[in-house]
Every structure is written in structure tokens, then in C-alpha cells.
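Novice:
Residue numbers (my numbering): 127 to 1068.
(1) Would you call the region 327-338 and the region 235-255 touching, i.e. three or more CB-CB distances under 8 angstroms?
(2) So, residue 323 versus residue 313, is the Cβ gap smaller than 9 angstroms?
(3) Ordered along the chain, which non-local residues of its own chain (more than five positions away) have a Cβ less than 6 angstroms from that of residue 871?
(4) Taking the DSSP output, what are the residues bridged to residue 515?
(5) Return the bridge partner residues of residue 521 from the DSSP annotation.
(6) Take every Cβ of the region 940-948, pair it with every Cβ of the region 501-521, and state whether three or more of those distances are shorter than 8 angstroms.
(7) Using DSSP with H/G/I as helix, E/B as strand and the rest coil, what is residue 270?
(8) In terms of DSSP beta bridges, what is residue 254 paired with?
(9) Thinking just about the alpha-carbon of each residue, which of 653, 619 and 627 is nearest to the one in residue 635?
(10) Closest by CA to residue 409, which one among 958, 891, 954 and 623?
(11) Drop a sphere of 10 angstroms on the beta-carbon of residue 146, count the other beta-carbons inside from all chains shown, and report buried for 16 or more, exposed for fewer.
(12) Skipping 5 residues on each side, what residues in its chain have a beta carbon closer than 7 angstroms to that of residue 389?
(13) Taking the beta strand (DSSP E) that residue 795 belongs to, which residues open and close that run?
(14) Can you tell me the Cα-Cα spacing of residue 575 and residue 498, whole angstroms?
(15) On the criterion of 16 or more Cβ atoms from any shown chain inside 10 Å, does residue 230 qualify as buried, or is it exposed?
(16) So residue 1008 packs on residue 981, CB below 8 angstroms; how close in whole Å?
(17) Are the CB atoms of residue 817 and residue 889 within a distance shorter than 9 angstroms?
(18) Can you grab the Cα-Cα spacing for the pair residue 545 / residue 606, in whole Å?
(19) Taking Cβ positions, are residue 720 and residue 740 nearer each other than 9 angstroms?
(20) By the DSSP assignment, the alpha helix (DSSP H) with residue 501 in it spans what residues?
(21) Bridge partners of residue 141, per DSSP?
(22) Are there 16 or more other CB atoms within 10 angstroms of the CB of residue 933, so buried, or fewer, so exposed?
(23) Quick one: complete alpha helix (DSSP H) runs, 4+ long, within the region 779-859?
(24) Note down, in chain order, each residue of its chain lying with its Cβ closer than 8 angstroms to the Cβ of residue 761, except the 5 sequence neighbours on either side.
(25) Would you mind sorting residue 600 into buried or exposed? The rule is 16 or more other CB atoms within 10 Å of its CB.
(26) Is it right to say residue 716 is buried, meaning 16 or more other beta carbons lie within 10 angstroms of its own, or is it exposed?
(27) In three-state DSSP terms, what is residue 700?
(28) Can you find the residues in the same chain that come closer than 6 angstroms, C-beta to C-beta, to residue 392, ignoring five residues on each side of it along the sequence?
(29) Just mark residue 196 as buried or exposed, buried being the case when its beta carbon has 16 or more other beta carbons within 10 Å.
(30) By Cβ distance below 8 angstroms, which residues in the same chain neighbour residue 269 in space, the five residues on each side in sequence not counted?
(31) Helix, strand or coil for residue 582? Go by DSSP, reduced to three states.
(32) What are the uninterrupted segments assigned as alpha helix (DSSP H) that are 4 or more residues long and contained completely in the region 416-488, given in chain order?
(33) Looking at the structure shown, is residue 936 part of a helix, part of a strand, or coil, going by DSSP?
(34) With which residues is residue 767 paired in a DSSP beta bridge?
(35) Return the chain-ordered list of same chain residues with a C-beta closer than 7 angstroms to the C-beta of residue 455, the five sequence neighbours on each side being excluded.
(36) May I ask you to list the residues that DSSP assigns as paired with residue 886?
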């Protein structure tokens, strides 16, 4: 951390108030996290809330070991966090104050980084990211990470009212003078005091700053006997406290002349406070929900209408059902809050509108509260539309576990004959256990409403693999349905009235229950009984033996053992006819390796192709020899193969023997920096740089699509081997996109995606953002606004990078399709009328089609400067317009002919520069150069 010049002063710069109550075991850890801070000029004020255990003794011991620690004890227990924090504020000596709970910690630079930011910005308070650490699993998560995306300085909360969501007091540094000037103290005698204190502080601050790094570690205890004071969401008193504090915030805003902020604070209450309890409704009984509704409904009526309107429609429906006393339906609806693609059990279609529930709405208020016409249920695709799979009954059937499945399908996604494929799938540590099933014919219930689709599924525990590679611990079965070559995977839910049970079947003990959170998935817990089980008097010894076998197995089957075996296998002769293909590190049958394989088959060369795969093998043509990546068969095959062909990289664990020839096809041209041009690699350790050089040195031949590729990718990786200047085989179908076979492929893709006749297709394919992989940041277009402007004419297919996570919002499913089921992006490229991208190398591929290219580049300056950097200025090379708003995008789509005309020259220059070799015969050229002629191996050498 850089230093900031400040006038010399005596005493600490930051006072950290640590509150504790009956927490002697964890208090030292919290205090040590403060004393070990990179900022040394600080003090720790431990305030013990009159504990009855050894907490105060631990506090005094800590004070005795470091002069920066003081220990206070309240004369009586306050029952909350407000009083001890207030006591700490009163005695704090530093010009800045922070708060820490005894069961949590501060990261190493928390105090210094917040202090430096406060001094640099003059902010009254500085807030930072919170890391939640789940003690049971050791995993972590971030607290509202969207609030901490970057460094910000705001002149008051009106500049960013969304920060009312940042209701914790412990992730902030406050100026002591600011607290004193406004007499800011925590409320006492009520829980959730943070919400009031934080709302007051944010409202009164003339300026506050935000930093995007973690400044607080919030430990979530694994032991349910030691939760925090406010963790008991099952208590109605907890609900009352939340509502009481919300009322106090409203009163504060009114009294201080800030009533205009009420809508933002109301939205925070709905989005955070109330939402926590709504998610628990499926696991509460009727009486609890009735009490809950009695507490919250009066407050809901006081909230600003715009706050209600800002909530997801599912939550709005929950609000209405609670207020109407329809508690069972409220609990049913609450399951969809975490999984918005779950279907309601029933819907009513009336007068062109669609409503939640089994009955038409009785009046305008009910109609407004239950209207789901905006979900466009009748226009949803198979893969994205709503379904709800529920366990109607589960129990033993002889040696089997029998499940009666009810599938609710209000969007009519399932044809009468059922989907093409249907199976119940249970994950194991080896291959998944799958049970195919068929739905019964559709029927109508006794009430005249469409009945759920039903199926009976028999699960045979005897099929669970024997030995160590079995099904251990908890598993959540899923329902996997397939139609027109596309699949969808959905959870299997358990209704609240289904009791848990334990079954003894075929030497297995199965405990069947319900996950007590989220949507309430079916949960199976398995263990083997008998000789290999853990029951009986011999259980401890058997467990010890089992652990020993498991450790031994890991030693003899792990990476080191496989590497040693691979080394020994190289003593065997090379198999001259064997080619190992791999694309996208085994993700499927795609990219240039696919088209090279097809060319080998077409030419009938005397070669035997084997493909490696990870995960699903469904994308490979029937009859294709497959080996699981990393398996023993993979080790044997890779060691014996004459040829390796892949688009990313074979594991470096397996060195290439001299007689093997390795063809690297790579997966596109370079726009962003690659190889040693990437700062992360250029500045990495010597060992990491050495490993990268070894990776590249294994390549015997590399396909080059252009001279630009040689100037960028080839140079940046230090590759000096043979270049095959043929263009990329994966682009052959695009160059030949006008041919009947490719037009048929495009039509099939549109059919599978259920694109309505006459609609144009915009493919939106952005690349990932370094540092935020999986966070959804790359999907930057306002899809709702785009659909509003263009939804009558265009369908949008989203194809995020495979690093990214994305779900099509329920309300947009009628006009937006998820393209990730299409492993080979060529299917989507051929089916589209235009491509929208940002900085993805797909731009170079798409230009082979000659169709319009659009660029959504609203974060271009940030992308170039804060990530790995780019080889080109997009504005200089782009073959289409750079757009930054939905209006600009909609205008371009409205007149693509004008876009073509304006950008025709730039488009042709782009194609000439980046695709000079593309003639539709790249696969043929590569096969001739690499597999035939002088490169054709013979003999069976070592």
C-alpha cells in the first residue's frame, strides 16, 4: 500500500470496536486479525456485553499482551449489538472508527486501505466488499458484489441510492467527527440495528467512497448452536424487529427532510430484508406463515408503489398472496424466487391475459396482483420455458426406490407423446446414475384443470458402482429432458408435506429427504451397509480401513501415478494409425478438430481416430470411439498415438514423445493480447513462464489463418515450428454458407431454437472479462430494452463465452434464446442474420459469411486499459459500427441495408486482412500437409 503524507499526531489513526458476548473461543481470532493489520497505528476496544463465560477474561488477557488493546465490560447484558458498539464509540480516541464482531475477522490491509481512501477522498465514510466464509464447507461468497464493482466517490446517497442495500456497519470506516457532529449512535433494545445506523450514516454523509476489495470477513458458523443474534430467521420476533427497524428508518427520513429517499429505502427492504424470509416460506407451516403475514402485510401497504414495481414478478405475486391470505400458494410461489424458471402449478388464461393460480382473479386487485401475461408462457422455448417437477410419492418397491413424478407444464412445452428423451439422473463420483422413464398420457383432473404429467421411476441402488467410486454423501437428483437434440436439466422438488424416510435396499442405506433451503430439492443420502458399511461395533475400525484404502487409491490412481505410467508406456511402439482428437479441452465435437476428423473420414485414410471428452458425450457422432479425458485409457491412448490434434492444449503432465506429431489448430485469431504479451504471464514466476514455453514447444505444426495471426499470436507465444497457412478448418462451413448443406444446417438450428417464421436472428456473442469470469458482466446489452424496440422483427440468441454464466430472464424467453446448447458455434453463425459481439475473436470467423457485424463496445476504453490489452484499435479495424446504447443498436438493426452500404469498404478490408486463406477447403489443405505426403508416419517407431 502506498503511503500518504499526513501531519504527525499522537495516538492511533483508527479505533476498531470489537463487541463480544459469550464468545471466549473466537474473540482472540478476531482481535489478532486487527493487531496483525498492515496499519500499526490503531487501537482495539473490546466491549464485552456482560458475558457469563470466559469472554471478559480472554479480553483482559489480550489487553495484557498488547498496549493497543483495551477491554470494557457492560454492567448488564443488553441483548443486542447496539449498546456495546455505542460504548466503544464513546471511548474511541482515533479520528476514524470501525466495528468488528467477535466471530469475524478483518483482512490484512482492511484498515490501511480504507484509511488511505478516506484521506484521499475526504469522505465521511468508506465502505468495502464483504467476504462471507461458510465454515462448514470452507467456501466463500461476496456480499452484494455488484455494489463493489469499482472504486467510486459519491456526493451523497442521492447520487447512488442503491447503496441503501449496503446495510452492514462492519464493512465501513467512519470519521469520528462525522459521528459526533450528527450524534450518530446505534439503536438499543432492537435487533438489526445496523440497518438503521447505516441508513442514517449514508443519508447524512456529504460524501462517501466505495472500494472494490474485501475489507471484512464474515464467518458463517457451521454449528447451528452458535449462530449470530440475528441469524434466527425462524423466529417471528426476528420478523418484528426487521419491520420495526424499517419503520424507524422511515421516521428518520421523514423527520430529517429526506422523505424523497423513501422509495429507495423501501426497495432495499423488499430486495433484502423481506426477501430473506420469503425464501424460507416453503419450509414453514401454515401457522408460521399466517403470523408472518400479519406482521409484514401492514408495512407492505406503506411502501412506495415504485419499490414494489422494481421487484421481480415472482416476488410481487408473493406479496399479493400473503396479503390475500393465500398462504399455501405463497409458499408455492416462493420456491420460484431462487429458481425463476420453475413453473406455477396452475395458470388461468382469460380474455387474452394469463394469471397465476387455479382460479380466475376475483376483482381488479387480484388481477393486478396475479397477472403473468408478461411471461409470454405460450411463446417459450423448450429449453428455457417453465416446468416444475415434484415428488408426489417416494418409497420402496421391493429392492427398488420408486418415485412418482408430477411435472407441471403450464407453457405446454411437452408434447402429448412426451419429450424425445427423459431420465432421472443422480450424480456419483464416477458416471452419473441415469434412469430413463416415459410420461403417462396427459389427462384432465377431477376439477377440470389440466393435471400434471405423471411418470413412475424406479431407482435401483444395486446399479450404484461398487468399490470406492460410488455415490457418497448428499445428492440432489435432477430430471433431464431432451427434444430436437436439445436438453434441459431441472431440479426435482419435494412438497412440504412429504416426510423424510430411511430405506435399506440392496446392501445400501438411503435416507430420503428435502433440502431445507432454496426451492426444496429432493435430497438423497447414501451409504453402503454390510462388510463395507460403517454400521455396528466394527464401524470405527472399518472407517479407518476405508480411509486408508481411499488414501492408497488416490496415490495409485492420482496424477503422479498416471504420469509415471505414461512415462513407462512410451517404451511401447507408437501406433502409426492412431490419432487422438480433442476440442475445447474435451468439451465436445467442435472447432477445427471436428472438421479435420470429418475430412479424414471423407478421404478414407488408414487412420483410427479417438476423441477425448469431459462431461457429456452427447455431441459426438454415434459410433465415434471416445475416452474420458484424464482416465487410465486416456493415458494409454495418448502415450501410443502417432498424432495429437487439438484446439487448446493437451495436459502438460503428459510429455510428447519424439515420434508423436502434435497439430495445434488453436481456436481463433487474436484481438486481445495473448501469450507473453499478457501482463499476468509476462510478470509471472519463472516456473510458470517455463511451463508455458514447454507447452508451446510441443507443437509440431500450427494452423495460421493470416499474417496478422503470425504477428500477434505466433510471436507472442514464441512459436518457431511449422506453420500451415491454410486458414482455419472450422471456417470452411462459413465460407460455404451459401451451399445447400449449410443452408439446411441453418434451418435445422432455427427449428431447434423454435424461431418463429419470418423473424430475423441476431446472434449476440460477447467475450468474457478478465477478473470477472462467471459473473455475467460480459452481457452488457439491455436485453429488455432491445426486445422492446425490436422484438416484433428480431429474435436474439445469446451465446456467452463458456467461462460465463447467464440465464435468459423469464420475461424475455419469448424473444431471447439461449444458444449454449449448441456446442459448435457454426450452427448459430449460419442461422443468424447478423452478429453482435464486442471483442470476441468470433468477429474474424463471422466475416467469412459476409453478413453484417455490429459491435457493442460501451466499455471499450476500460477493456483496453484495465484488462490484458488489445493488439488493435477496434475503431480502426472494425467492419461494422461501434455501438454503446440500445437505441443505437436498434437503429442499426432497423436499417441493416444502410449499415452494409456504409461499412462495405471496411468489411472487405477486414476480410482481406484477417481471412486471406479462407477458401472453404482449409480442412483439405491441413490433411494434405500434416497427414499425407512426407508427414505420413510409417514403421512403428518408438
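Idealized CB from N, CA, C, for every residue including glycine.
Specialist: On the basis of the data shown:
(1) Contact between the region 327-338 and the region 235-255 is present, because at least three Cβ pairs lie under 8 angstroms.
(2) For residue 323 and residue 313, yes; Cβs fall inside 9 angstroms.
(3) Once the five neighbours on either side are set aside, the close Cβ partners of residue 871 are 956.
(4) Note: residue 515 sits in a beta bridge opposite 533 and 618.
(5) Note: residue 521 sits in a beta bridge opposite 528.
(6) Contact between the region 940-948 and the region 501-521 is present, because at least three Cβ pairs lie under 8 angstroms.
(7) Here residue 270 sits in coil by DSSP.
(8) Paired residues: 337.
(9) When each option's Cα is compared against that of residue 635, the closest is 653.
(10) Residue 623 is the option with its Cα nearest to residue 409.
(11) Classification of residue 146: buried, given that the 10 Å Cβ count is 16 or more.
(12) Around residue 389: 430, 432 and 433.
(13) Per DSSP, residue 795 belongs to no beta strand (DSSP E) and is neither H nor E.
(14) Distance between residue 575 and residue 498, taken at the CA atoms: about 18 angstroms.
(15) Sixteen is the threshold: when 16 or more other Cβ atoms of the shown chains lie within 10 Å of the Cβ of residue 230, as they do, the residue is buried.
(16) Beta-carbon to beta-carbon, residue 1008 and residue 981 are separated by about 5 angstroms, close enough to satisfy the 8 angstroms threshold.
(17) Taking 9 angstroms as the cut-off, the beta carbon of residue 889 is found no closer than this to the beta carbon of residue 817.
(18) Taking the straight line joining both Cα atoms gives about 10 angstroms.
(19) No, the Cβ-Cβ distance between residue 720 and residue 740 is not below 9 angstroms.
(20) No alpha helix (DSSP H) holds residue 501; DSSP gives it neither H nor E.
(21) In the DSSP assignment, residue 141 is bridged to 169 and 223.
(22) Exposed is the call here.
(23) You should have 805-808 and 812-823.
(24) Here the set comprises 688, 691, 692, 695 and 780.
(25) Exposed.
(26) By the neighbour-count criterion, in which a residue is buried when 16 or more other Cβ atoms sit within 10 angstroms of its Cβ, residue 716 is buried.
(27) Residue 700: coil per DSSP, three-state reduction.
(28) Closer than 6 angstroms at the Cβ level, and outside the excluded window around residue 392, lie 429, 430 and 433.
(29) By the neighbour-count definition (other C-beta atoms within 10 Å, threshold 16), residue 196 is a buried residue.
(30) Scanning its chain for C-beta atoms nearer than 8 angstroms, with the 5 sequence neighbours on each side dropped, one finds around residue 269 the residues 255, 256, 257, 258, 294, 297 and 344, in chain order.
(31) When secondary structure is reduced to three states using DSSP, residue 582 falls in the strand class.
(32) The region 416-488 contains these whole alpha helix (DSSP H) runs: 431-435, 439-449 and 453-460.
(33) DSSP places residue 936 in helix when its eight states are reduced to three.
(34) DSSP output for residue 767 lists 701 as bridge partner(s).
(35) Excluding its 5 nearest sequence neighbours in each direction, residue 455 has C-beta neighbours in its own chain below 7 angstroms: 447 and 483, listed in chain order.
(36) In the DSSP output, where bridge partners are listed per residue, residue 886 has 920.
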